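J.:
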Amino acid sequence: MSQPELLQIGGATAEMRARLDAEFTVHVLSEIDDFDAWAATHGAGVEAVMTNGHDGVPAHVMEALPNLKVVSGYGVGYDAVDTDTCVARGIKVSHTPNVLNGEVANTTLLLLLAGLRNFRHDEAWARSGDWEAKGNAPLSTSPDGKTIGILGLGRIGQEIADRLFVFNPEIVYHTRTRKDVPYTYYADLVEMARACDVLVCITPGGASTNKIVNKDVLEALGPEGMLINVSRGSVVDEDALIAALDSGKLGMAGLDVFEREPHIPDALKASDRTVLLPHVGSATHETRAAMGALTVDNLLQWKADGTVKTPVPECAHL
Ligand code: NDP
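Per UniProt numbering, the sequence shown runs over residues 1 to 318.
1) Have a look at LYS69 and LYS92 and give me their C-alpha separation to the nearest angstrom.
2) Which residue's Cα is closest to the Cα of VAL49: ASP36, THR41, ALA64, ALA40?
3) Could you check the C-alpha separation between GLY10 and ILE171 for me, to the nearest Å?
4) Classify SER231: buried if its beta carbon has 16 or more other beta carbons within 10 angstroms, exposed otherwise.
5) So who's on the other strand from THR108, going by DSSP bridges?
6) Is it the case that the CB of THR83 approaches a heavy atom of ligand 1 more closely than 6 Å?
7) Can you check whether the CB of LEU189 is closer than 7 Å to the CB of VAL217?
8) Here's a check: name, in chain order, each residue in its chain whose Cβ is nearer than 6 Å to the Cβ of THR287, leaving out the five neighbours to either side.
9) Measure the CB-CB distance between SER142 and ASN118 and report whether it falls below 7 Å.
10) Are the CB atoms of ILE148 and PRO169 within a distance shorter than 7 Å?
11) Counting along the chain, where does the alpha helix (DSSP H) carrying GLY292 start and finish?
12) In terms of alpha-carbon separation, which member of GLY56, VAL26, VAL61 lies closest to ALA40?
13) State the DSSP-derived secondary structure class of VAL280, mapped to helix, strand or coil.
14) Could you check which residue in ASP144, ASP130, PRO66 has the C-alpha nearest to that of PRO138?
15) Using 6 Å as the cut-off, classify the Cβ of ARG176 as near or not near the heavy atoms of ligand 1, replying yes or no.
16) Using 8 Å as the threshold, is the region 149-163 in touch with the region 119-129, meaning 3 or more CB pairs across them?
17) Considering residue 320, what are the terminal residues of the alpha helix (DSSP H) in which it resides?
18) For VAL81 and VAL200, I'd like the C-alpha separation in whole angstroms.
19) Looking at ligand 1, does it come within less than 6 Å of GLY77, judged from the CB to the closest heavy atom?
20) Assign GLU103 to one of three DSSP states: helix, strand, or coil.
21) Measuring alpha carbon to alpha carbon, tell me which residue in VAL257, PRO265, THR274, ASN229 is nearest residue 359.
22) In the structure shown, what three-state DSSP assignment does HIS121 receive?
23) Can you grab the Cα-Cα spacing for the pair PRO4 / ASN98, in whole Å?
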């Protein structure tokens, strides 16, 4: 019996591919030289897509797959998938919530410690011989007892709050709707930034959060303040961030995500007020294995009974 056809956009681990190859005929987008010619032959046969949070499903690919029925995302963020079109066409969309909460929280703690405790500079001081040549490294800032604002207190935001407890912080948060949690709620993001030592961004990307961390928020955070962005690059106005760092109106930034990935502006790379990561929030063997398993589970469940395990909210009714 022939297997359903699946288009793979972006990477997959060997384990994911082994499970997919047993159940689907897999086409890999990056291996297709002439997409239009491929689409003319195979487009109508493809019922499933597997993709990731960065690549999503480009509009020309979506259009070339008239019988697409399911999109399985290898990640929790799905702002790169046009869910309006998927709902209109009855295409189910799944993602990988919860299995990465702890790892993204770990990444947040890594950026917090690296920034406040001057890790980049101190490591360079030790490695370069400056310790012997110049004496002790300059003092840094303790992470203990700080007021930490969480922008987006969802699955990951809550895990960040839980793991921050070792620093005995005061946690405050901003979301569109107040949550049933023992932290102070701020309806106004600028007001929260003014009250914070550290602001952690962990909302989804997309239109409703586009550049909500703007000049006013960054300047409210202030010369001693630290911004941490582990959400999406689109959430922070990158030009305003560069200006605030360069002028000293913002103290420092720890960034895992950027507006035009994988491009990182030179000004951020050159700044001694930044700690930069190449979007590795969930990128450990253990967590990617769990995400990969759920991504494939969604596809196998769809193949078995037409449903997915973890649909995105917009498509849950389909
Ligand atoms: P959830 O949906 O569980 O939580 C999202 C939170 O953001 C909710 O508290 C929501 O509250 C809030 N929120 C949504 N829109 C707005 C808005 N316009 N203004 C203020 N708050 C808002 O998502 P997760 O915690 O599972 O994931 C969050 C995001 O983290 C993902 O969408 C992804 O973009 C990013 N991520 C990044 C990773 C990395 O590698 N750096 C890895 C994994 C995820 P409310 O609806 O009340 O506003």
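Glycine included, every Cβ here is placed at the ideal spot set by N, Cα and C.
On a predicted model such as this, the values are computed, not experimentally measured, just so you know.
T.: The short version:
1) 6 Å
2) ALA64
3) 37 Å
4) buried
5) The partner list for THR108 (beta bridge, DSSP) is empty, contrary to what the question assumes.
6) no
7) yes
8) LEU100, GLU103
9) no
10) yes
11) 285-305
12) VAL61
13) coil
14) ASP130
15) yes
16) no
17) This structure does not reach residue 320, given that the chain is present from 1 up to 318, and the question cannot be answered.
18) 24 Å
19) yes
20) helix
21) Because the chain spans 1 through 318 in this model, residue 359 falls outside it and cannot be assessed.
22) helix
23) 28 Å
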